[in-house]
Amino acid sequence: MAELEEGVGLRLLTERLSAMDLGERSVLVVRPTLGFMTVDLCLVGPGRALVINALHWAGDIVPGPKGEWRGAGGKVDLGRPDRRARVFCERLAFTGRARGIVLEPVVVFTAGAARCQGTEPEATLVQWDELDAFVAGRIPASAVGFPAADLIRLISPPGAGGTTE
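What follows is the structure in structure tokens.
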């Protein structure tokens, strides 16, 4: 199933993460930016940041001729949301403002079960029905410490008023 309207996956994922009990020590940044790069979401907690792209797709994903992900038997170009998340993590690490923070690139499939075949993902792939357990395992609501304020300021979009909790 292809994303027929741009932003569906992001909207669904933002709503779901906002409804979770992430604790007082986690911050959700929507459409974080770093220079010219952007990803869908960044969930920053004590000692860890999940750099997330949402992909509203269900079904098999195969590699295309240029390494891009393709769905629907190779007919639909899905881009490389995993690579964008990984590169965003690398650039964040390069800034030096993420010292002591584990940066993890993630792709969440928001339309149902999806499988990558014939390609090695460059990010952790999370199915929609596994999202709650995944987030709780990475950033528990009881986590001790504070999210990196400097990192949050760096990636918050201009004029966004900071972050969304």
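Converting from the sequence shown to my numbering requires adding 127 to each position, the first position being numbered 1. All C-beta atoms in this analysis are idealised placements derived from N, C-alpha and C, irrespective of residue type, glycine included.
Whole-angstrom distance between residue j and residue i, CA atom to CA atom
i, j, result
"residue 210", "residue 177", "14 Å"
"residue 222", "residue 207", "23 Å"
"residue 198", "residue 167", "20 Å"
"residue 191", "residue 205", "10 Å"
"residue 297", "residue 201", "With the chain running from 128 to 292 in the structure shown, residue 297 is simply not present."
"residue 203", "residue 189", "10 Å"
"residue 251", "residue 231", "8 Å"
"residue 146", "residue 280", "23 Å"
Nearest-angstrom beta carbon gap, residue j and residue i [assumed within contact, 8 Å]
i, j, result
"residue 266", "residue 140", "Not a contact, Cβ separation roughly 15 Å."
"residue 246", "residue 196", "7 Å"
"residue 219", "residue 212", "The Cβ separation is near 11 Å, so there is no contact."
"residue 260", "residue 185", "Actually they are not in contact, since the Cβ atoms of residue 260 and residue 185 sit about 19 Å apart, beyond 8 Å."
"residue 228", "residue 155", "No, residue 228 and residue 155 are not in contact; Cβ-Cβ is about 15 Å, not under 8 Å."
"residue 253", "residue 235", "5 Å"
Residues of its chain near residue i, where Cβ-Cβ distance is below 7 Å and the 5 sequence neighbours each way are ignored
i, result
"residue 136", "130, 181, 182, 183, 237"
"residue 193", "none"
"residue 160", "282, 284"
"residue 268", "148, 149, 150"
Residues near residue i in its chain [Cβ-Cβ closer than 6 Å; skip 5 each side]
i, result
"residue 187", "242, 244"
"residue 257", "none"
"residue 216", "178, 230, 232"
"residue 144", "155"
"residue 262", "none"
Continuous alpha helix (DSSP H) stretch holding residue i: start and end
i, result
"residue 107", "Past the edges of the chain, shown from 128 to 292, lies residue 107, and the structure says nothing about it."
"residue 282", "276 to 282"
"residue 181", "Not the alpha helix (DSSP H): residue 181 falls in the beta strand (DSSP E), residues 175 to 182."
"residue 250", "No alpha helix (DSSP H) contains residue 250, which DSSP labels as neither H nor E."
First and last residue of the uninterrupted beta strand (DSSP E) at residue i
i, result
"residue 187", "186 to 190"
"residue 197", "196 to 198"
"residue 236", "229 to 236"
"residue 172", "168 to 172"
"residue 241", "241 to 243"
"residue 271", "Neither: residue 271 is in no beta strand (DSSP E) and is coded neither H nor E."
Short CB-CB distance (under 8 Å) between residue i and chain C
i, result
"residue 191", "No chain C is part of this structure, which consists of one protein chain only."
Cutoff 8 Å; reference residue i; Cβ partners in own chain excluding five residues on either side
i, result
"residue 162", "218"
"residue 248", "209, 234"
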